[in-house]
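Peer 1: Using this note's numbering, you'd call the opening residue of the sequence shown number 1 and step up by one each time. Positions of the beta carbon are idealized from the N, C-alpha and C atoms, including for glycine.
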Amino acid sequence: MIHTMQDDISLFFRQFALQRLSPAGSGNIDPQAIKMMMVNHCEEIYPAFSETEIFKLHYQQAGHDQMVEEYKRCFTLLLSGRLP
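(1) Less than 7 Å between C-beta atoms, sequence neighbours within five positions excluded: which residues of the same chain meet that for T52?
(2) Is the Cβ-Cβ distance between M5 and R20 less than 8 Å?
(3) How should A17 be labelled, buried or exposed, when 16 other C-beta atoms within 10 angstroms of its C-beta is the threshold for buried?
(4) As an exercise, report each continuous alpha helix (DSSP H) stretch of at least 4 residues that is fully enclosed by the region 7–58, in chain order.
(5) Between which two residues does the alpha helix (DSSP H) harbouring T76 extend?
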(Lines of atoms letter the chains of each structure in order from A and count residues from 1; the text may use other names and numbers.)
(Lines give C-alpha, C1' and ligand atoms only; values in the text may rest on other atoms or scores of the structure.)
Protein backbone atom coordinates (compact mmCIF):
# COMPACT_ATOMS: atom_id res chain seq x y z
CA MET A 1 0.00 0.00 0.00
CA ILE A 2 1.40 3.39 -0.98
CA HIS A 3 1.04 6.14 1.59
CA THR A 4 0.51 9.64 0.34
CA MET A 5 1.86 12.73 2.03
CA GLN A 6 -1.67 13.45 3.29
CA ASP A 7 -1.90 9.95 4.79
CA ASP A 8 1.42 10.40 6.59
CA ILE A 9 0.45 13.80 8.00
CA SER A 10 -2.98 12.55 9.11
CA LEU A 11 -1.31 9.59 10.79
CA PHE A 12 1.12 11.89 12.59
CA PHE A 13 -1.71 14.04 13.99
CA ARG A 14 -3.82 11.00 14.93
CA GLN A 15 -0.92 9.38 16.79
CA PHE A 16 0.04 12.67 18.44
CA ALA A 17 -3.49 13.06 19.79
CA LEU A 18 -3.95 9.45 20.86
CA GLN A 19 -0.61 9.37 22.70
CA ARG A 20 -1.63 12.39 24.73
CA LEU A 21 -5.19 11.23 25.33
CA SER A 22 -4.25 7.72 26.49
CA PRO A 23 -2.16 8.78 29.52
CA ALA A 24 -5.08 10.89 30.69
CA GLY A 25 -7.01 7.66 31.16
CA SER A 26 -9.58 8.57 28.56
CA GLY A 27 -10.97 5.30 27.31
CA ASN A 28 -13.81 7.22 25.70
CA ILE A 29 -12.30 9.70 23.27
CA ASP A 30 -14.98 12.29 22.76
CA PRO A 31 -14.74 15.68 21.06
CA GLN A 32 -14.37 17.49 24.38
CA ALA A 33 -11.40 15.31 25.36
CA ILE A 34 -9.70 16.05 22.04
CA LYS A 35 -10.31 19.79 22.44
CA MET A 36 -8.85 19.71 25.96
CA MET A 37 -5.83 17.82 24.68
CA MET A 38 -5.30 20.64 22.19
CA VAL A 39 -5.55 23.26 24.93
CA ASN A 40 -2.87 21.43 26.89
CA HIS A 41 -0.57 20.29 24.06
CA CYS A 42 -1.05 22.39 20.90
CA GLU A 43 2.34 24.10 21.32
CA GLU A 44 4.02 20.67 21.10
CA ILE A 45 2.67 19.79 17.66
CA TYR A 46 4.95 21.82 15.42
CA PRO A 47 8.21 20.86 17.17
CA ALA A 48 7.22 17.19 16.97
CA PHE A 49 6.09 17.50 13.35
CA SER A 50 9.33 19.22 12.35
CA GLU A 51 11.20 16.05 13.37
CA THR A 52 9.24 13.82 11.00
CA GLU A 53 10.55 12.53 7.68
CA ILE A 54 7.60 14.05 5.82
CA PHE A 55 8.56 17.51 7.10
CA LYS A 56 12.22 17.02 6.25
CA LEU A 57 11.30 15.86 2.72
CA HIS A 58 9.03 18.82 1.94
CA TYR A 59 10.22 21.79 3.98
CA GLN A 60 11.27 24.47 1.47
CA GLN A 61 10.98 21.93 -1.34
CA ALA A 62 8.45 20.60 -3.78
CA GLY A 63 5.24 19.68 -2.02
CA HIS A 64 5.66 22.28 0.73
CA ASP A 65 2.35 24.01 0.02
CA GLN A 66 0.46 20.72 0.03
CA MET A 67 2.18 19.75 3.28
CA VAL A 68 1.13 23.03 4.89
CA GLU A 69 -2.47 22.64 3.72
CA GLU A 70 -2.74 19.11 5.12
CA TYR A 71 -1.10 20.24 8.38
CA LYS A 72 -3.71 23.01 8.71
CA ARG A 73 -6.54 20.61 7.89
CA CYS A 74 -5.46 18.11 10.54
CA PHE A 75 -4.78 20.82 13.13
CA THR A 76 -8.27 22.24 12.52
CA LEU A 77 -9.83 18.80 12.89
CA LEU A 78 -8.23 18.40 16.31
CA LEU A 79 -9.36 21.89 17.34
CA SER A 80 -12.90 20.92 16.39
CA GLY A 81 -12.68 17.75 18.49
CA ARG A 82 -12.19 15.22 15.71
CA LEU A 83 -9.33 12.86 14.99
CA PRO A 84 -7.88 12.95 11.48
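Peer 2: In short:
(1) On the sequence shown, residue 52 is found 52 positions in, with the first residue counted as 1. Cβ neighbours of T52 beyond the five flanking positions: F12.
(2) One-based indexing of the sequence shown puts residue 5 at position 5. One-based indexing of the sequence shown puts residue 20 at position 20. Not in contact: M5 and R20 (Cβ atoms no closer than 8 Å).
(3) Walking along the sequence shown from the start, residue 17 turns up at place 17. A17 comes out buried.
(4) 31–41, 45–49 and 53–58
(5) Within the sequence shown, the letter at position 76 stands for residue 76. Looking at the DSSP string, the run of the alpha helix (DSSP H) that includes T76 is H64 to L79.
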